[in-house]
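Have a look at the structure below before the remarks.
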Amino acid sequence: MKALLFLGCTVPVRNLNYELSARKVCETLGVELVDDAALACCGYPLKGTDQAHALTIAARALAQARGQGLPLVALCSACAGTLAEAEHYLAHHPDEAARVNQDLAPLGLEYEPGVRVSHLVRYLLEEVGLEAIKAKMTRDLGQFSFAPHYGCHYLKPAETIGGLDDPEAPTSLGRLIEATGAKVDNYPRLKDCCGGGVLGADEELAGAMAGAKLAELDARGVAALVLVCPFCNVMYEGQQKAIAKRLDTKFKVPVIYLTQLLGLGLGLDPDELGFKLNRAKPKELLAAFKA
Amino acid sequence: MRLNDCDPGFKHEVAAEPGGEGIRACFACAACSARCPVGAHRPDYDPRRIIRLTLLGRRDEVLASPLIWLCSSCYTCGEVCPQKVRFTEVITAIKNIAAREGHAPPSAKITAELLAKQGRLLEVTEFENEKRADLGLPLVEQRPGDFQAILGLKPAEGEAGEEPR
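So the protein sequences, as listed, match chains A and B. Residue numbers 1 to 291, in my numbering, belong to the letters of the first sequence in order. Residue numbers 1 to 165, in my numbering, belong to the letters of the second sequence in order.
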């Protein structure tokens, strides 16, 4: 199994624990991730104000993946969603594909439909498979309960990236958490959006959105909130203290990436999985793995 | 509201943008508004209201409204819409028109400039790459050339990124 890794802008600068653990988990599961320094932005940051250029930038990445004959795998849900949407849109709008190709021609690139784009978690589920992942687990995390956060672009729009899970009743992250033997907390605010999309426009609003979930999880006392997207991480880990302060409350919700949890189940060392870089540390979890 | 203040062409203008065509199908059931996670915290943000104002042709009011920038792009509205309006795409179309008329928040311009300068949103310096090397991660590069060409933007003097190709 071989895939082209789309690191995006945020993960390789701000979320090295996610990148480290994703690479280690892939290695352990027999997935080869190919790096390409030419891949950078997916186009998402421009979409709200300049869709045409955002689409060209996404098509650039798709053209590069096509050139290498590999599926494109992203760690960020916004990157995965944007690239998958662009593939879907361009494959169904030949006129726009022609326009995009005019802009890509001077760069020596050409978009052609047919690039498979997946979030890494989806790729693992579809290529490696849940049973094979389970079979490789060497540690039992049965004493812990985790709260998955699906976020938005991992599941929606179902029209373009559907087929993996039901956006109204998602289970895919829960099944992977259970593969480690751990329990899944399907808390009431499971499907809430993190608010990261409005952080730039209205910090207070974004904080209120993330804060509602954090307050609920704090009261339920999970071992950690489990993420699959660096943007959700900005809200739940990066902004956690500021949000608690603004809401005049106190909460301490440990935050980890799903790949870190899978890595622990696969028997990897917490240091290899970048836990030292977690700021909202899962103390109870890490204490169990102290040598 | 006076009919003379309305622009009957506005809905067609929105529908002509990529993703905007769904607005024609709205029958105002408000499923979008009921499930909007932004609206849950900010009742003045109401997807159905934005659609109605657009269909009525309240062009200036919609394009100048700070509310249109509050969509979190979560796509919940699209999943529950019985008419396939795809409101996330519709509001993106509206924001694109607003941006062309100078209503975008200042961060939008900065985003394009950062991409033209760095080829990525977040800067990668030696500091970042040293940290990556310490952890055994491969180096990442800034290759802004393609982005400058696509965006038609040249970075300011002395900021041109080196192209390692």
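No residue lacks a Cβ here, since even glycine has one placed at the ideal position from N, Cα and C.
Per DSSP, the bridge partner or partners of A:Pro148: A:Val226
Whole-angstrom distance between A:Gly207 and A:Gln239, CA atom to CA atom: 8 Å
Where A:Tyr257 falls: helix, strand or coil (DSSP): strand
Cβ-based neighbour list, A:Glu110, same chain, cut-off 7 Å, excluding 5 preceding and 5 following: Ala63, Asn101, Leu104
Three-state secondary structure assigned by DSSP to B:Ala28: coil
Residues that A:Leu7 contacts on chain B, provided the C-beta gap is smaller than 8 Å: Val140
A:Leu46 versus A:Leu261 - alpha carbon distance: 33 Å
Below-8 Å beta-carbon distance, B:Thr54 vs any chain A residue: no
Chain-ordered neighbours of A:Arg60 on chain B, where CB pairs are closer than 9 Å: Asp146, Phe147, Ile150
Pick from A:Val184, A:Leu258, A:Phe289 that is closest to A:Gly267, judged by C-alpha positions: A:Phe289
Residues within the region 194-223 of chain A neighbouring chain B, beta-carbon criterion of under 7 Å: Gly195, Gly197, Val198, Gly200, Ala201, Asp202, Leu205, Ala208, Met209
B:His41 at chain A interface by Cβ criterion, 8 Å: yes
Proximity test, Cβ basis, 8 Å: B:Glu13 and chain A: no
Unbroken alpha helix (DSSP H) run spanning A:Val234, endpoints: Note, A:Val234: premise wrong, no alpha helix (DSSP H); not H, not E.
A:Ser77, DSSP secondary structure in three states: helix
A:Gly129 to A:Val253 span [Cα, whole Å]: 30 Å
Validate contact between the region 25-42 of chain A and the region 129-149 of chain B using beta carbons, cut 8 Å, 3 pairs: yes
Interface positions of the region 46-75 of chain A facing chain B (Cβ-Cβ less than 9 Å), listed along the chain: Leu46, Lys47, Gly48, Thr49, Asp50, Gln51, Ala52, His53, Leu55, Thr56, Ile57, Arg60
The region 29-46 of chain B contacting the region 115-123 of chain B, beta-carbon criterion three pairs below 8 Å: no
Proximal residues to A:Ala223 (C-beta, below 8 Å), its chain only, five neighbours per side dropped: Phe144, Ser145, Phe146, Ala182, Pro254, Pro282, Glu284, Leu285
For A:Leu120, three-class secondary structure by DSSP: helix
Three-way DSSP call (helix, strand, coil) for A:Leu72 in this model: strand
C-alpha gap between A:Tyr123 and A:Cys79, whole angstroms: 14 Å
Test: B:Ala99 CB closer than 8 Å to a CB of chain A: yes
C-beta contact flag for B:Tyr75 and B:Thr88 at 8 Å: yes
Exposure of B:Gly102, with buried meaning 16 or more beta-carbon neighbours within 10 Å: exposed
B:Cys32: contacting residues in chain A (beta-carbon distance under 8 Å): Under the 8 Å cutoff, chain A gives no residues; its nearest Cβ is about 13 Å from B:Cys32.
is_contact[B:Asn96, chain A] using C-beta, thresh 8 Å: yes
Member of A:Gly265, A:Lys241, A:Cys193 whose CA lies at the smallest distance from the CA of A:Ala135: A:Gly265
Chain A contact for B:Gly102 (CB, 8 Å cutoff): no
heavy atom of the ligand NAD below 7 Å from A:Pro157 C-beta: Among the components modelled here there is no ligand, and therefore nothing to report on the ligand NAD.
Exposure label - A:Val34; buried when at least 16 CB within 10 Å: exposed
Per-residue burial, B:Gly19 [other beta carbons within 10 Å of its own, 16 or more giving buried]: buried
Residue span of the beta strand (DSSP E) that contains A:Ala3, given as start and end: 2-6
C-beta neighbour in chain B for A:Ala38, strict 8 Å: yes
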